[in-house]
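For the sequence shown, the UniProt record's numbering gives the first residue as 1, with consecutive numbering after it.
Glycine included, every Cβ here is placed at the ideal spot set by N, Cα and C.
The model shown is predicted, which means the values in this text are computed figures rather than measured ones.
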Amino acid sequence: MYVHYAGQDVFVPPFSYRHFRTAVFVPPFSYRRRFRTAVFVPETFSKKALGQKRGATSANGKAIQARLAKKNTPQPNPDAETPQQDEAGPSTSAASAGEAMEPPPPTPGTVPTPDMDEEIFEFDDLPPSTSATPIGDLVPLSTTPTAPMDTGETTPPPLAIDERSERIEQLEKQLKDRDDTIKFLREQVRNREALITDLRRQLDQQMAPPMGPPTSSKTPPNRGRPKKRLEELQRSARRDIVDQIVGVIDRDRSRSASRASLDRIHRDIRHKFAHYTPKKGQERKKGMDAEDGLLLLAQLGTQKAYKRMKATLRLIGRNFNVLPPLSTAKDNLIPARDLPLKISGDHGQGFTKLTISLAHAVRPNSPSNNFVAAVFPGKDSRQNLKNLCGSLWKQIEKIKQIEGRQVKWLRFLGGDLCFLWAIIGHCGSAMTAFPSPVCDCRKEHLISRGKCQLRSVQELERQADQFQQLTQGGDKATAEARALTMGIVCAPLLPSICFEQMLLAPFHVFQGLGNALIKELEAGENAEIARQFFRRIGARREAFRKRDMTGNSIRKILVHADQMEALFETEWAKTICQTMAHLGKIQIFTKAQPLSPGDLDGLETAVDQFKAFLDQQPMVQTLLSKKTKVHLLLHHFVPFARQHGFLGLLDEQGDEALHSVWRRLEQLWKTMPDAEQMRQQLEHHFVSNWLLDTGRLDELKLREEERREQAEEEKTNEESDQEADVDVVD
């Protein structure tokens, strides 16, 4: 493209105007910059360039002519038009080259700077506008002509007609693609608006008031089936509607929103659409919590306890009419003068459960006979037991009667060693030289020392005060301070602990010692033989955590330890098998039943034989010398059994089995918040135990069988009547 400028034909390359909405003439020296809007740069703004490049005009023209001759284009583009003259003066060809031009008005795309020689312009890569002024129709901004300036750069040749046509086709194709994209987006918007309208219509249908006489002339009559209010819909239906609306309105929101989030969004949408505003509902009775359940245990048989318990029988139904219970959980007890009560706790599957059970039940270690007094998510640490259980420990101290008559409670404290340490205020075996929760035996004499002195509550309180004095002023607890207090760092949670009635955790004693021996056996060269034997007898490991053997598997291994000894050739493996065989002989007396005098003698004999075996095996003694559980087995099992007449009657198996029961109950209310879920599980478990203890569970089963038989009989009669009607028609 050529433009008549300053008395000469100046070539303007296509790229200087093809990306601009308004094509404006740009001299050759200025197209090397990027412009937001192409503007005319007069020579008055570049005097330095005029002074240096004034003599290069003729050379530039010769170069242009030579290039045109080479391209066989001797004449310029005939379509180009000369710029029109300004109204203020003659043609630009008659003006002198040295006169200055009037500066143009500022354009939106220019950014003025102090030195216009270094001015930089930018432009957006936009498609050409239909309102662009053709290059041939440009009008000079001044009547004073100026000579063309040479920038020292080589001007590119003009595009051929074919190339220009191809470029135009490309631009048209781009414009068409943009139109298609805009059309597609508009279609998506219309579809989304239609979907929102449809969902709103469905919501209006669901929330419309029921059929009835119109209250005013503005109320349209209902047609067809009456529409339900929002509160009458099922929770799943409301959640589905809300989920669809939220998904349409906000596509970026996660579809896995919590229940609380969906309910909040549902309320907002409901009020925004002005469909239905629910009235303030009546406050229902507060559910039973841990302390209420504990009071029920202390007041079983009273009318108040019965009414409170009956209100929790939701699974049975509202029409479940039973007479006030004349007998309670004592129906399931073996007649006895004293009532042994076990208080224990354990952490499992993310929750800590505190349980209360009666020793004289038919199955004292069954989860159905363990009353869950408190439950909370977290470890069974001392701080959690103190903060989260509230007044539970005071409530336990108040249990002194059942059905209004005084009873003599024998309070046994059970659980694993971690729970016992937390209750008595002990710091744990790893941080003190006195690891036993029952006595004051040092860690170095856990096996050798034959006589220990039991702890007492008064001694615990004195040691706790002594430890507090040693750590006053922010001093850290040291090993010397813990040694002076025999590991006691806090006051006990239960002030009426009797260490003669502290259960010795027989389940965890054998499980811990058995797993330690099994690991030592599998660490040798005969590991594969041991694993094959374990698989053959049906022993299995825990699915998670340490992958230890379960309690039942430990029992199988200890019972068959004599058979396993013949499979090994090394003396160390045989010695380990003999050790497990001695443990198996002692474990026989830890069943959930009272021990007879003959059983007590057999238990004492088995323990004495194990002591003699350890004296002859120093390697085994070294392996077990630092374990607190072996001390409880060797020096406390026999005295406890002779005093109370049992070992495993109130062990930890009931607490361990309760974890799986609690997990199954959790699946029933897993959609509820944590606090509500635990409350429901607590109520359900208590009601189930009450039904089992009072015999109501058998009554419910009998009624259910009668109802099922009656339904089957009615169905049979209906089928017979239908067959008779068919015969009559035939």
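- Of the residues assessed, L632 falls on the buried side of the cut-off, its CB having 16 or more other CB atoms within 10 angstroms.
- Excluding five sequence positions before and after K585, the CB atoms of its chain that fall closer than 6 angstroms to its own CB belong to A606, given in chain order.
- Counting C-beta pairs with one atom in each stretch, the stretch 492-505 and the stretch 514-531 have fewer than three that are closer than 8 angstroms, which means they do not touch.
- Considered as a whole, the stretch 486-556 harbours 506-522, 527-537 as its complete alpha helix (DSSP H) runs of no fewer than 4 residues, in chain order.
- Between F510 and L446, the C-beta spacing is not below 8 angstroms.
- Closest in C-alpha terms to A523, from the list Q188, M564, P639, W572, comes W572.
- Judged by DSSP secondary structure, P639 falls within the alpha helix (DSSP H) whose first and last residues are 637-644.
- Boundaries of the beta strand (DSSP E) around S357: 351-358.
- Following the DSSP letters along the chain, one finds V375 in no alpha helix (DSSP H) but inside the beta strand (DSSP E) bounded by residues 370-377.
- N387 and M619 have their C-alpha atoms roughly 44 angstroms apart.
- For H631, DSSP assigns no beta-bridge partner whatsoever.
- Boundaries of the alpha helix (DSSP H) around K585: 571-587.
- According to the DSSP assignment, L470 belongs to the alpha helix (DSSP H) that extends over 457-470.
- In terms of CA proximity to L567, F533 leads the group F533, L649, E705.
- Leaving aside the five residues that flank D608 on each side, none in its chain has a CB nearer than 6 angstroms to its CB.
- Note that the C-beta distance between L658 and T355 is below 8 angstroms.
- Secondary structure note for H659: its alpha helix (DSSP H) is the uninterrupted segment 653-668.
- If you ignore the 5 residues before and after F467, its C-beta comes within less than 7 angstroms of the C-beta of A481, T485, I488, V489, all in its own chain and listed in chain order.
- It is roughly 22 angstroms from the alpha-carbon of F610 to the alpha-carbon of M549.
- Residue state for S720 is assigned as helix, using DSSP reduced to three classes.
- Spanning the alpha carbons of S448 and P340 requires a straight line of approximately 33 angstroms.
- Just measuring C-alpha positions, the residue of G514, R178, Q653, M564 sitting nearest N370 is Q653.
- By the CB criterion at 8 angstroms, L460 and W393 fall outside the cutoff.
- Cβ neighbours of F589 within its own chain (closer than 7 angstroms, five residues either side excluded): L595, D599, G602, L603, L647.
- Taking C-beta separations shorter than 7 angstroms and ignoring five residues to either side along the sequence, the partners of L454 in its chain run V438, C439, F499, E500, following chain order.
- Taking a contact as a CB-CB distance under 8 angstroms, the pair T628 and P435 counts as one, their CB atoms being some 5 angstroms apart.
- In terms of Cβ geometry, V457 and I497 form a close pair [threshold 8 angstroms].
- Between the beta-carbon of K379 and that of H347 there is about 6 angstroms, and that keeps the pair under the 8 angstroms contact cut.
- If you ignore the 5 residues before and after Q680, its C-beta comes within less than 6 angstroms of the C-beta of W669, all in its own chain and listed in chain order.
- Taking N526 as reference, the option from T570, W421, D615 with the minimal CA-CA separation is T570.
- For V620, the enclosing alpha helix (DSSP H) begins and ends at 618-624.
- When DSSP states are grouped into helix, strand and coil, D599 belongs to the helix group.
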